[in-house]
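Novice: Numbering-wise (our numbering), the sequence shown opens with residue 1 and increments by one. Have a look at this one.
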Amino acid sequence: MRKFFETILAYRKQFLDLLVGVPNYEKYVEHMKTHHPGEPIKSRKEFFCEAQEARYNGKGGKVSRCC
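This is the structure we're talking about:
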């Protein structure tokens with residue numbers, strides 16, 4: 001029963017992160033190991049900074065968000 005609730009909470013966290021646009025570092029690492037095994041994996045800080053840059057500065061310095 002405990003495992004069931006842990007799984008539900010993990011899915012809930014993933015859903016909320018995707019809802020607000022927070023990238024998932026663990027999924028990135030898993031993808032890199034599976035599909036690009038010879039390439040270096042960015043640190044969590046590098047990954048997050050690059051994701052923030054792409055999200056907020058991706059259109060020539062213009063902020064692209066709803067608010």
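We treat Cβ as the ideally placed atom computed from N, Cα and C, and that holds for glycine. A quick note: this is a predicted structure, and the numbers were derived from the prediction, not measured.
Grouping DSSP H, G and I as helix and E and B as strand, with all else coil, what is residue 22?
Specialist: Three-state result, residue 22: coil.
Novice: Note down, in chain order, each residue of its chain lying with its Cβ closer than 7 Å to the Cβ of residue 28, except the 5 sequence neighbours on either side.
Specialist: 47, listed in sequence order.
Novice: Taking the alpha carbon of residue 51 as the point to measure from, which residue in 31, 24, 37 has its own alpha carbon closest?
Specialist: When each option's Cα is compared against that of residue 51, the closest is 24.
Novice: Which class does residue 31 belong to by DSSP, given the choice of helix, strand or coil?
Specialist: In this structure, residue 31 counts as helix in the three-state DSSP scheme.
Novice: My understanding is that residue 39 touches residue 32, with C-beta atoms under 8 Å, so please give their C-beta distance in whole angstroms.
Specialist: That belief holds up - the Cβ atoms of residue 39 and residue 32 are roughly 6 Å apart, short of 8 Å.
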